[in-house]
Structure formats: C-alpha cells, structure tokens
C-alpha cells in the first residue's frame, strides 16, 4: 500500500486506520475522511489521477461500513475515460458500489457494450468483470450476444471471464443460455485448463437443472478427472502437490449430480472414483477434501458395494480423527452414508455420542442432523428427547426452526403411541409455537377427534388423557398461540371428559374466558377460544356470567371473525335447543350430509321466479351469453366469481341462514339427513393412520442384539455382508450390569440400527416396515383436504359450504363449479339438459391431439360457444382409465386429472380449433362436458364419447 | 458458491471485504460484527465451520487476522475445500507481496 503514487493524505489515512486500536477510533477517522472526500469531489476539473485515488478512498470508507454514495456517480463517469487505468478503476469501483438494480446502471450499459467490443483485451476484461457482477434481466439481451462472441476470443483471460459471465446469465435467465449450449460445451475442451475449469461451474448448474440433457458429457468429465489425477495438468495447478484439487472437487460434484439414480452413467464413474480416492489419500487436508467429495458422490450415484465400503472406511477414519475439521466431515459424511445404509452408523455409536456432548456448537448440530437421519421406531423416543433438549437450550432461530421441523416430522412418522405424540407436540408448541406450521396443529386435533379408530374405549381413554393434559397446561401463564388454539379446540369438544379433581365444566369455562384476555399475536386465537366457550355453553346449558360478559365485550372487536362469533353466540343463546343441535358433542368427525341440490331452496326459487326473477344460469351459460350478446353491462354482472362471495348479512342473520358449524348444515336447513354426504373430516382411511397404531404397546423396543431378521433391504444385493459385519459392534452396547451413562445413551440411540435399520432410511420408502408402529403414511395426510380447518374456521363460509371446501380452482370457473363434486362419495343426480337426439355420425378422425395446460383450458373454455353435456352409464372405474380411453378412441391429449375429474384437449380436424373435454367420474356415472366452437362438432364429439366411454 | 470473503482482525476491524451478492452497507456491518464475535468465541479445538443465518461459514485464523468465507448452506458445499482455498489465497498473497502481514492489507 505504500508507494509514490499515493498522496500524502491517503497514506496518512491508511496509516492512522492501521494504528487505530478500536472500532470506535476507526469510525471517527472515517467520518472525517468522508467529509474531506465530499469536499474534494465537489471541486471542478479533477484530474483523472486524483479521481482514481478519491474513488479508492471512497471504497475504503464503504468497506469500513460507512455510506459513500456521493461518490457513485463519479465512479460511473470514470468508466467513460479514455485512460485505461482510470477506466479500470472506474469499473472496479462500480463493481463495489453498485448492484444490479441500482439506478445508475442505465448509465453504464452503453459503456459496457462499447468496451466489450474493444480491441484492447484489458478493456474487455474490465467490462466483463463488471458484467459478472452487475448484469440484470434487462441488460441480458443487449449484452449476451457480445459475451457469447467473446467465448472464442484469442486471449484466455477473456474467454475465462466470458464463461463466468455466461454462468451469471444462466443464474438470471436459464433460457437465454440454453440456446447456446453447444458453444458452452466447446469451452469444456478449451486448450487452457483454467478456462475449462471456469466452464465447469456453468455446466454444473446446467446439469443440476437439466440432468438428462447433460448425461452424454459423463465420459468427458470422467476423462478430464482422470487426466487431472494423473498429473497431466501444468504444475502451476498443483496445490500441496495435489493436482488441481478444486477442479477435482467440482468435477466430482457434477458427476454426483449426473449419476443420481442412473446406473449406466454411474458405472462409468466407479473406476475413476476409486482411483481418485486412492491418489488423494496423501495426508494433506486438501486431499481429505477430495476424499470427502468422493464419499458424497458415492452416496448419491447408483450404489456400488465396493465403493460404499471404501467410503465408509474413509469416513470412519475421519470421524475418529483428533482433528476437529475432519471429525466434522466425518459426521456429515456419515449422515449421507446412513441414507444409503443405516447399518454403518452403528460402528461409530460412541463417537457420535461424544460429538453430541462436544462443546462445539457446529459439531453438535451436525450430529443432531445425523441422528435425525438414522431415527427408526426403536430409537425415536431418545432421539426426539435429544432434539427437544437442544430446542430448549438454543436461541438461534434458524436452528430452532430446523429442530421444530425435525421433531414434528419424526413424531409424525415414528410415534410409538398417542400419548407420547401429544406430549411431544405439546412440548414443541410450548417451546416454540410460533415456528410450528398450522397444519401440525390440525393433525394433532384430528388425532384427538378421531382416535385410533379401532378401539372406542382406548380412544376415549386417550381423549381423557388429552383433556387432562391440556387443562393442566392452561394453568400456565404464557402459552404460544398455536397451543392455545389446540387447547381451546380440545377443551371445547371434550371438556366433559375431564377427570382432574376440582375441575367442573364451569371451572373450565372460566379458565377459557380468563384466557381470552391474554395478549395474543394471532388474532384468530381469540376466535378459537370464543368458539370453545360457545360449545361448552351450548352442550351443557351452562350459565357462566363471566364468559358471557367477555363474549359480549368482544362484539365490538376489530376482528370481523371474532365479532361474528360473538354475535352468533348471542343469537344462539336465545334458543338453547337449537344451540345444542348446532353444537353437538363429539361430532367433529361425523360425516356431514350436504344437500347438494339445495332442494330446500326450491320453494324460495319458485316464488322468486313467479315474481319475475330471471332463472339461474350456470357460469358457462352466462359466459356464452355475455359473448354472444356482447353487452358490457351484462358481462359485469355475469362474472362468475361475483356469485361466490359470502358477504351478505355479516352480523344479525336469522337462525335459519345462520352459518353454523359445518357439521349441522342440514339441521339448520331443516332437511332430513341424506345418507351420503360431504365428508368434511375426510374418510377414515385417510385419517391420521400415522398416529393411530399404538405400535409401542404390542412391541417393546427391540433389544439391539436381537434384530429382526428379514428386514434388511438395501438398494443393492451386496449389502448382506455389510449387515453382518456392522452388527458386530452392537452387542458391545448390550446392557450388562455395569454400563456407563454414555454406553446406555449409545445403546438407546442406536437401537434398531443393526438389523431393523433399513426401515429408518427415509430415502427408501419401499422398504418393508418392521414394527407395526411404522405402518403409517405421512404423505397421505397431506393429500387429505384440510378438513379440520373447515371444522374450526368456516363460520363465515356457512352460506356456501360447497364452494368453501373445494380445492383452489386451477382451471377457471368451470372447475370451480365442478370441483366440489369430487369430494362427494355419491352425489345425487344433477339435472342435466339432455342433448337433443341427432343422427349418429359415422366414425371418422374428428379430432387430433392438442398440447395445452389446465390454465390455458380455463382461459379458452368460456370463449368456445358450443357446449354439449353427456351423461354416460359407464363401466370405467378410474379417471386414469377414462383418460386412457379418451386418448385411444378419440385421439385427444390428456391435460390433467384432478381427483375424479379429467380434462382432455383436442383440435378439430381439419384445422386447429380447440375442443375440450371435461369428464367427471362417479361410477357408474360419467358426465362429460364438451366445449368447442361449432355446435355440429360438439354433437359429433358427444356421440363419440357415448360410444367410447360407456 | 462463495457469497463473501472477509478479512477481519481480532478487534473487529474489517481489513478487506468482498461480497458476491449485494448487501446494503448496514447489513454488511451487522453481518461482519456478528461473524467476528462468533469466530472469536470459538476455541482452537473447535472446527472451523459455523452455520450462520443461511450461510455456511468457513474461517481460518492467521495470527490476529481472521479470513472468513461465506458459502451457500446446502449439501453441495465442501467445507474442507474452502478451508484449503483460504490457505491458497494466503499463500498467493504471500508470494506476490512477499511477507504479508495484517497491516499491509
């Protein structure tokens, strides 16, 4: 930093900063410096040399954490300079000061374009460096052709920078780069290894995004890696006598992407991986880095037994090393191996327990991650205990969120019994309720409501347990929102089951009403509490003045939802009989009968029609009318979405149209229950089977020494050997009289890993599950519509329950109207206009396939004037079958299957007019809607459907 | 992907900073402050990797100067390779400038 080119002022500055003893002192110096700089920069006619120095000083100030934005414009100006040095400094300072969306970028584009075409390669390099840093979406079209041209520049430095710029483009708009893929691939064969190395990064990104299209490069990557390991690169690339280690690491990571689940591609790699590991093992750190990368690669590609053994033996060297960095790599590496075969973890149980106790936070975290990955039904309790302990002690929000997610996932997957699950979840809610997703809470509530679904008395006992637990929790002064919501719901439903001495229903109601006054973050929590009180008072004919006072006071709440609940309460209280009917006991999982035809409205409709009201038209009819009539006013009226807003009468509604809890919709409408109906809680089989099985009861945790036999299934046959060898260490942990604490912990943590271990591999869902406790299916839970949400929060949707429960519309309004049918088990027939009989057309190629997406169909649907609806008595059992038949018989392309509905699209031959088919299957009935431009074609297609799909 | 490279001394003074994604000056100052505190709180016997916000941070100490590199926090990163990268950086600086010390930077 010292030299003749610096002014005395700057030299003094650097020196004083260097000598300052503290951050505060340094700050003071810089504040002074900024004032001087401002003064200098406002002077006219600064020479380029001076300006250069001022810029460097501004960069210095910014680096030390002070704002120097006054200098930005000067930096941009400097790039316009003729002087090469000044220009370079200008670009460099721009790189540091600006970002891609900065307003001064506009001023820079032109200069960049000019410099990219300059004959002087130093100018090109400076501009390219700026492109890499600053390019944004708008600039790419202007800049990218120039950059691609530079990929074949004679200077290797330019080529290198150009390929890095291409990498940057790829990160912003992948499409812009993929068109030029061949050019990028050519760079891989560049005579200069450093340019080739730079190209690996963009190729890696491309491989990540489109693995299939890069597979053919595998042999090239393998041969490059081979050449590197054989020291074929110039010596300049060696580091600690390891040839180009970072290039090796990058190549290995690309290979691991391309080899994932691809046996053919992986087989190319086995040999080089082995060679690479052997050569890297020279005792230097960077060699270990390469080995670690090899291990990662081995665990990701199609497994090879020999390599896995090699990887495991290297990892065990790492994990038992004294060097902390290597130990860290060992634990992370083990976590990856465990995903392929959990048995390897058993060898290292003592080390893992040591790492868990290690004062090093990072190592601890990684170990927790490892534990998470090797959890199985036998050790779940211990592992979750460990995770919960760290959740309790940690303050880092990233870690906490991660832990919460891990604990919930483990609890849902492996819970040995319901009590344990409830307790675990309560702890999580208590410790960090704000981080728990709402869905988890719904799952818990559903479990309480539905129980295991096998043994009624066990379910009741479980509910009693839940109620008592929550009652006790409610006494605590501070609870997280989500926990209060769960408590409110459970107590509202099942308060009568409470068996703790001294708690009557009145006491519970009082407790809940006290709770309302607490401060909450989520305003809807109060709504939960009010509804709970509502239920208690309704079911028990309770007279609790405190509760009523509180409810009354919240009538003026700013939350409309809360307001509405309070007003509903007022209304209901006036007729206790109705109240009991509306809020029945333990009915949250009863099926709800919804009269889909809304027959109870018929007299009303008739009356209105007699009075001269217009008859109802469905969305497609309205759309068609709007099209043909083209009356703007009518169009506004017929926007289908307007009809679904349940906004009317928000407060004082008469009890009949009163939005009750969903379960009593028919009661409110005065209808006798229809045998079939909308199952709001989801069918039983979809229920939380995950928690239903009281697995822990029948099967006590397996002693590690006696693992069940047949359960070990690995992706490759070669593992049986591994299994036996890896079991050996397990008996060490066998409980003998004098087992110390650590060993006990190890035994607990690693139980089930020896043999039953494969079951815990989350990556291999096809593995047969050993204990009954594992027979649960968390993914299915996700598929179920979120019924509990409806249960609890649907008050304002009461007016139009069907629509409220339909999944979010994907295909325009016609889907919105039809979607809810899919939830119905056996819908009652809808009056469908029968098509007028027409002469049957001879079969001919009427349609051709048309590739469109559901949203496109939704957009085009209303524009097609003709519609035919056919009702077919069909033998088809599934939607897939229906689509297949359509595809074969009518030559249309399938668009999407949603539940029991399918959409297909075709084009009318000859020509390109679209024709859409929407089938709704409820065996043995099939409703097909056909939409196209021409009425004759629609009829023909309808006939075709009749024949093809019956 | 490397997100930033910092050189910070034990007093918390930043000697050199290079960011590869844009952060405002204020964000940088807090990030640097928190990181150096985190690094200082770790002893020799702990490993050189820390998770911080959504970065994975690799640091290495040379006398009183910390070299800190922030990378993506995902499975793909190779911490040890980054650690060695820091060392080449230092070796290069040393070779180029001959006997570098903190004050030169």
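Protein chains in written order, with the numbering used here: chain A, -19 to 930; chain B, 68 to 172. Positions of the beta carbon are idealized from the N, C-alpha and C atoms, including for glycine.
DSSP, read as helix, strand or coil, puts residue 500 of chain A in coil. One alpha carbon belongs to residue 362 of chain A, the other to residue 404 of chain A, and they sit about 12 Å apart.
Not a single C-beta of chain B is nearer than 8 Å to the C-beta of residue 417 of chain A. Excluding residues up to 5 positions away in sequence, nothing lies with its Cβ nearer than 7 Å to the Cβ of residue 417 of chain A in the same chain. Taking all protein chains in view, the Cβ of residue 81 of chain A is surrounded by fewer than 16 other Cβ atoms within 10 Å, so the residue is classified as exposed. In the structure shown, the three-state DSSP call for residue 536 of chain A is helix.
DSSP places residue 912 of chain A inside the beta strand (DSSP E), whose first and last residues are 905 to 912. Restricting attention to A:50, A:358, A:352 and A:395, the CA atom closest to the CA of residue 382 of chain A is found in A:352. Those residues of the segment 34 to 49 of chain A placed with their C-beta closer than 8 Å to a C-beta in chain B are 42, 43, 44, 45, 46 and 47, ordered along the chain. Around residue 201 of chain A, the same chain offers 231, 234 and 235 as residues with beta carbons nearer than 7 Å, after the five sequence neighbours per side are excluded. Residue 386 of chain A and residue 423 of chain A have their C-alpha atoms spaced approximately 16 Å apart. If you draw a 10 Å sphere on the C-beta of residue 838 of chain A, you find 16 or more other C-beta atoms in it, and that means buried. By the C-beta density criterion, residue 894 of chain A is buried, having at least 16 other C-beta atoms within 10 angstroms. Per DSSP, the continuous beta strand (DSSP E) segment holding residue 900 of chain A begins and ends at 893 to 902. Around residue 156 of chain A, the same chain offers 120, 124 and 149 as residues with beta carbons nearer than 7 Å, after the five sequence neighbours per side are excluded. Put simply, the segment 247 to 261 of chain A touches the segment 202 to 211 of chain A. At least three CB pairs are less than 8 Å apart.
The three-state secondary structure of residue 358 of chain A, taken from DSSP, is coil. Closer than 8 Å to the CB of residue 226 of chain A there is at least one CB belonging to chain B. Among the residues of chain B, those whose CB is under 9 Å from the CB of residue 307 of chain A are 114, following chain order. The shortest C-alpha to C-alpha distance from residue 98 of chain B to any of B:115, B:75, B:110 and B:111 is the one to B:75. Closest option to residue 177 of chain A, judged by alpha-carbon separation, among A:213, A:300 and A:366: A:213. CA-to-CA, the gap between residue 128 of chain A and residue 146 of chain A works out to about 8 Å. Burial state of residue 163 of chain B is exposed, judged by a 10 Å Cβ sphere holding fewer than 16 other Cβ atoms.
Contact between the segment 170 to 186 of chain A and the segment 133 to 144 of chain A is present, with at least three C-beta pairs closer than 8 Å. For residue 927 of chain A, the enclosing alpha helix (DSSP H) stretches over residues 915 to 929. Distance between residue 191 of chain A and residue -1 of chain A, taken at the CA atoms: about 54 Å.
Per the C-alpha coordinates, the member of A:246, A:350, A:477 and A:9 positioned closest to residue 440 of chain A is A:477. For residue 233 of chain A, the nearest CB of chain B lies under 8 Å from its own CB, placing it at the interface with that chain. Looking at A:399, A:475 and A:527, the one whose alpha-carbon comes closest to that of residue 495 of chain A is A:527. Identification of residues in the segment 65 to 86 of chain A having a C-beta nearer than 9 Å to some C-beta of chain B yields 76, 78, 79, 80, 81 and 82, given in sequence order. In the displayed model, residue 116 of chain A falls within coil according to three-state DSSP, outside both helix and strand. Counting only the Cα atoms, residue 443 of chain A lies some 10 Å from residue 399 of chain A.
In the DSSP assignment, residue 316 of chain A falls outside any beta strand (DSSP E) and within the unbroken alpha helix (DSSP H) covering 304 to 320. Here the C-alpha atom of residue 68 of chain B lies approximately 36 Å from the C-alpha atom of residue 29 of chain A. Taken through DSSP and simplified to helix, strand or coil, residue 78 of chain A comes out as coil. Below the 7 Å Cβ cutoff, chain B contributes 145, 147, 148 and 151 as neighbours of residue 269 of chain A, in chain order.
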